[in-house]
Amino acid sequence: MSLRSHSRWPFWRNLGARLLSPLLLLLLWEAASQSGVLPARIIAAPSAIGGTLWQMLASGELAGHLWVSLIRALSGLAIGVSVGASLALVAGLSRGGELAIDSPMQMLRTLPFLAIVPLFILWFGVGETPKIALIALGTTFPVYLTLFAGIRGLDPKLIEAATLFGLNRRERVWHVILPGALPSFFVGLRYAFGISWLGLVVVEQINATAGIGYLVNDARDFMRTDVIVICLLVYSVLGLGIDALVRGLERFTLAWRPAFIRS
Amino acid sequence: MPRSASVAAVSVRQAVRQFGEQRILDGLDLDIGAGQFVALLGRSGSGKTTLLRALAGLDRIDGGQLQVPQARAAVFQEPRLMPWKRAWRNVSLGLRGANPEARARAAMEEVGLQHRLSAWPGTLSGGEAQRVALARALVREPKLLLLDEPFAALDALTRIRMQQLVLELWRKHAPAVLLVTHDVDEAVLLADRVLVLDRGRIVDDLHIAQPRPREIATRHLQEVRRHLLGLLGVESNAEPAPNHSFYLTGTHR
Ligand SMILES: Nc1ncnc2c1ncn2[C@@H]1O[C@H](COP(=O)(O)OP(=O)(O)OP(=O)(O)O)[C@@H](O)[C@H]1O
Ligand SMILES: [Mg+2]
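Protein sequences, first through last, are from chains A and B.
full-length UniProt numbering applies: residue 1 is where the first sequence begins, and numbers increase by one.
full-length UniProt numbering applies: residue 1 is where the second sequence begins, and numbers increase by one.
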């Protein structure tokens, strides 16, 4: 199937196709649990998980944790994307900016995310701040790197044409450089969404009392495999949702790309 | 119809441009009269693009003087359209003055693309994209139109149509035109003057007074053609491409 025909698929059919194979996997798993091949100690049966899920949904427990996590992820993401994008713009649009920003960023990006946790706890304590700061840090880099590369990778011939046709610097940035770098930015945004969400598991180990990551850790201590699986499910469903969101955004803003053009 | 060359559109004196040790333009002199159609020939790497870029203001020269009109525009071998802007928005991009949208639409109509106004550049054919690039250049009412092998990437038929279109638009808007080309026939059929660039200077400047549409098979143009090919280092005894002149004479006017 070509990319073109794929992009013509209606949204819901698209989503349906994406959910099909996970559902099949689920059925297999239930069979294994019922026949005793998979004991609950290793992993709970889907039906048991379903029961717990229902309970957690009905009591509002899951929604509460989800909400806390969502706020953390989005706050960190908002900061990380803004900082990453701003730095990329400064570094991408000026030589001086590049000199000042790019090499420190290239050095910092190789730091392992997890190794910074103790330092952030020392700096920011154990409240919300280090959690959001870590997610912000983790999401800054993909946005910075992709947007910077997008700006610098732009066809110089287009910028030249824009100059020739009388666009001043501000207009060139607005009409040429930013739209041209947008596809790269979206790649970074996707990474950032993924990192923010997965980063929760790490940051919510820091003295948390709520959130999906907290729920996972708590469930581990009590060997509640059903709760762990529910959390994993939440992660993957949200991952799919985020993916669909970014796809929608891309389709809307990158309508000019050949892959999205409807004939 | 040769135009009066009394008012200069372009005046270049002793222009020098070098890249490292290599002198690409080496004391080049050039005058182009207002409204004149000039073709520039030269071997690959002789500095045609370098000269054109300097005239366009996209590159500096290292010595000498350059006088060009403020209003100039260029079409390159590639259309250089912004893929994220619809065709007419590419034409109106950076356009100052009253009513840019209406002017862009009119220019699109002039190049025969009124039905593709809102097309994304990614959906245009090579010839269509090049016509949009031409509309984008003309809508600025340039006094000097710089064309750097604008037809080189097109198929033969489209190229002939484009040549006619450029002639038509030149007659109507009367800019001075500097057309860089590899195609000797194209130069001879279109231009008032054919220049040859070699070793950093204009080494030949031929005036062609014949009225258009021209027939390449005439004795005079054949001589001009052979002479130019000789200058370009091609010994010519080959016949000219017959279909070329056929289309140009057959469909024009
Ligand atoms: N920015 C640059 N830096 C170094 N050398 C350059 C640069 N631009 C052009 N040159 C050199 O200058 C010479 C002339 O280049 P130019 O592009 O003007 O040739 P041209 O006559 O347009 O050739 P063609 O017919 O192949 O397009 C070439 O040898 C090229 O390598
Ligand atoms: Mg060239």
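All C-beta atoms, glycine included, are put in the ideal place defined by N, C-alpha and C.
Within 10 angstroms of its Cβ, does residue i collect 16 or more other Cβ (buried), or is it exposed?
i, result
"T49 (chain B)", "buried"
"P118 (chain A)", "exposed"
"E109 (chain B)", "exposed"
"H220 (chain B)", "exposed"
"I42 (chain A)", "exposed"
"A39 (chain B)", "buried"
"W84 (chain B)", "buried"
"F222 (chain A)", "exposed"
"S69 (chain A)", "buried"
"S196 (chain A)", "buried"
"residue 283 (chain A)", "No statement about residue 283 (chain A) is possible, as the shown extent of chain A runs from 1 to 263 and does not include it."
"I71 (chain A)", "exposed"
"Q114 (chain B)", "exposed"
"L108 (chain A)", "exposed"
"V237 (chain A)", "exposed"
"G125 (chain A)", "exposed"
"S33 (chain A)", "buried"
"R116 (chain B)", "buried"
"A156 (chain B)", "exposed"
"E186 (chain B)", "buried"
Roughly how many angstroms separate the alpha carbons of residue i and residue j, rounded to a whole number?
i, j, result
"R72 (chain B)", "A135 (chain B)", "13 Å"
"D155 (chain A)", "G96 (chain A)", "21 Å"
"V173 (chain A)", "G94 (chain B)", "12 Å"
"N90 (chain B)", "L146 (chain B)", "18 Å"
"R13 (chain A)", "R190 (chain A)", "22 Å"
"G112 (chain B)", "A106 (chain B)", "10 Å"
"L179 (chain B)", "L124 (chain B)", "24 Å"
"H173 (chain B)", "R43 (chain B)", "30 Å"
"M56 (chain A)", "L200 (chain A)", "20 Å"
"V227 (chain A)", "N217 (chain A)", "10 Å"
"L240 (chain A)", "F19 (chain B)", "54 Å"
"I159 (chain A)", "A181 (chain A)", "12 Å"
"G36 (chain A)", "V229 (chain A)", "18 Å"
"A5 (chain B)", "S118 (chain B)", "Low local confidence applies: a pLDDT of 43 at A5 (chain B) is under 50, so the model's placement there is unreliable, with the coordinate-based value given in what follows. Between A5 (chain B) and S118 (chain B), the C-alpha separation is close to 40 Å."
"A217 (chain B)", "V166 (chain B)", "22 Å"
"S184 (chain A)", "L93 (chain A)", "15 Å"
"D148 (chain B)", "P130 (chain A)", "58 Å"
"W29 (chain A)", "C231 (chain A)", "17 Å"
"L38 (chain A)", "G150 (chain A)", "48 Å"
"K143 (chain B)", "F165 (chain A)", "14 Å"
"F76 (chain B)", "Q67 (chain B)", "21 Å"
"E21 (chain B)", "I61 (chain B)", "15 Å"
"T181 (chain B)", "L41 (chain B)", "6 Å"
Kindly indicate which residue of the options has the alpha-carbon position closest to the one of residue i.
i, options, result
"G233 (chain B)", "B:H207, B:R193, B:V184", "B:V184"
"G97 (chain B)", "B:R17, B:R140, B:D155", "B:R140"
"S75 (chain A)", "A:T140, A:K157, A:G125", "A:T140"
"D59 (chain B)", "B:G33, B:R116, B:L25, B:M82", "B:L25"
"P121 (chain B)", "B:R86, B:L167, B:A152", "B:R86"
"A74 (chain B)", "B:R103, B:P175, B:Q222", "B:P175"
"R171 (chain B)", "B:L41, B:L228, B:L138, B:P69", "B:L138"
"L25 (chain A)", "A:L15, A:L89, A:P46", "A:P46"
"S11 (chain B)", "B:E21, B:A34, B:Q22", "B:A34"
Using C-beta distances below 6 Å, list every residue in its chain close to residue i, excluding the 5 sequence neighbours before and after it, in chain order.
i, result
"F113 (chain A)", "G138"
"G127 (chain B)", "L154, T158"
"P100 (chain B)", "S92"
"G63 (chain B)", "V16"
"Q65 (chain B)", "R13"
"V143 (chain A)", "V81, G84, A85, G188, A192"
"P79 (chain B)", "A129, Q130, A133"
"M82 (chain B)", "N90"
"G153 (chain A)", "none"
"H65 (chain A)", "A210, G211, I212, L215"
Got a sec? Which residues, its chain only, sit under 7 Å from residue i by beta carbon, not counting five neighbours each side?
i, result
"E98 (chain A)", "A91"
"E250 (chain A)", "F186"
"A191 (chain B)", "F37, V38, A39, L179, I208"
"G47 (chain B)", "I24, L25, L197, G200"
"T253 (chain A)", "L182"
"H252 (chain B)", "Reliability of the predicted coordinates at H252 (chain B) is poor, the pLDDT of 34 falling under 50, and no value is obtained from them."
Ordered along the chain, which non-local residues of its own chain (more than five positions away) have a Cβ less than 8 Å from that of residue i?
i, result
"I202 (chain B)", "L28, D29, L30, L195, V196"
"V202 (chain A)", "F113, L114, V117, L134, G213"
"V224 (chain B)", "V188, V194, L206, I208"
"I261 (chain A)", "A255"
- Query: Hey, which unbroken runs of the alpha helix (DSSP H) at 4 residues or more fall wholly within the stretch 23-82 of chain A?
  - Reply: Entirely contained in the stretch 23-82 of chain A, the alpha helix (DSSP H) runs reaching 4 residues are, in chain order, 46-58.
- What alpha helix (DSSP H) runs, 4 residues minimum, are completely inside the stretch 131-199 of chain B? Under the rule that a run must span 4 or more residues, the alpha helix (DSSP H) segments found entirely inside the stretch 131-199 of chain B read 156-173, 184-190.
- Query: At which residue ranges does the stretch 93-136 of chain A contain complete alpha helix (DSSP H) runs of 4 or more residues, listed in the order of the chain?
  - Reply: Scanning the stretch 93-136 of chain A from its first residue to its last, the whole alpha helix (DSSP H) runs of 4-plus residues come out as 95-108, 117-124.
- Task: Any chance you could list the alpha helix (DSSP H) runs of at least 4 consecutive residues sitting entirely within the stretch 38-68 of chain B, in chain order?
- Result: Look at the stretch 38-68 of chain B and you find these whole runs of alpha helix (DSSP H), each 4 residues long or longer: 48-56.
- Message: Can you tell me which residues fall inside 6 Å of ligand 4, judged by beta-carbon distance to its nearest heavy atom, and keep chain order?
- Response: Inclusion of ligand 4 in the displayed structure is not the case, the ligand content consisting of ligand 1 and ligand 2 alone.
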